[in-house]
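First up is the structure itself, then whatever we jot down about it.
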Amino acid sequence: MTAPSVPDQGRLMTIDQLAERTGITVRNIRFYAGRGLLPPPQLRGRTGLYGEDHLARLELVSELSALGFTLSAIESHLERLPKSAGAAELALQRALLTPWVPEQIEEIDRAELDRRAGRILGPADLDTLVDLGAVTVLDDGRVRLHGTSMLSTGLAVLDSALPTEVWRRAHQLIEQHTTALAEDLMKLFQDEVLQPYRDRGRPAEERTQLAATLSQLKPVTVRGVVTAFGRAVNRTIRERIG
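Our numbering puts the sequence shown at residues 98 to 339.
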């Protein structure tokens, strides 16, 4: 892909300083630059210098990589951004992509999964954890663990007195309705907030505020969903008793 040119942008950094700021190795920064994911640095003599736009773009690449995007998918995403996208626009992209709830996805072998579970997990146990969304079995026999809290929840299900089929059906219902809710909320935000911003030509003065608003929206929405669900369950219990 063709990297956009970057104008002079205040305080500049060497590649070592950029690596220190981002936590990404110099080797990987050079690799990303070689793939066109970063604009070329400004040259002062024989020294390449990097600015805030480089920093923002590198942080976006790191965010996309952490979310599981392949290198080709990252390239495709960056190609869709305006060539003139600067630090504020890239910060907005990061705000859009940041997970709504923390995720700690790891790939581990079965022995490590057993160690963390504190027991030997049989085939039926593993199937239950898969059905509950706690783990995904990979082609090489390893498992993708979707966070320690999900594993703890899955183990609690295995230890509970309720049949695992009840838990499976409950999980399916939750997935079904929360997926529909997520799609509706994303469409609302897309239609009422993002598209009007794009239609106005992505005004620079709105970018920082939009990113901040989105950061505030996420925890408020998650808390609202949890509260609304709890109230709905309470209301259903009262109606059934009544």
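Ideal Cβ placement from N, Cα and C applies to all residues, glycine included.
Checklist line | Outcome for LEU235 when other beta-carbon atoms lying within 10 angstroms are tallied against a minimum of 16 | finding: exposed
Checklist line | Simplified DSSP state of LEU242, which is helix, strand or coil | finding: strand
Margin query: Pairs of beta-carbons, one from the stretch 181 to 189 and one from the stretch 158 to 166, closer than 8 Å: are there three or more?
Written below: no
Note to self: Please report the distance separating the alpha-carbon of ILE338 from that of ARG304.
What the structure shows: 51 Å
Check: What's the call for MET283, buried or exposed, on a 16-neighbour Cβ count within 10 Å?
Finding: exposed
Checklist line | Under 9 Å between C-beta atoms of ALA221 and GLY251 | finding: no
Note to self: If contact is defined by three or more beta carbon pairs under 8 Å, each pair taking one atom from either stretch, is the stretch 265 to 284 in contact with the stretch 145 to 152?
What the structure shows: no
Next item on the list: Since I believe ASP228 is in contact with ARG265 (beta carbons under 8 Å), could you give me their beta-carbon distance rounded to a whole number of angstroms?
Entry: 5 Å
Next item on the list: Please name the residue, chosen from ASP211, THR119 and ALA308, that lies closest to ARG239 on a Cα-to-Cα basis.
Entry: ASP211
Next item on the list: Check whether the Cβ atoms of ARG213 and LEU242 lie closer than 9 Å to each other.
Entry: yes
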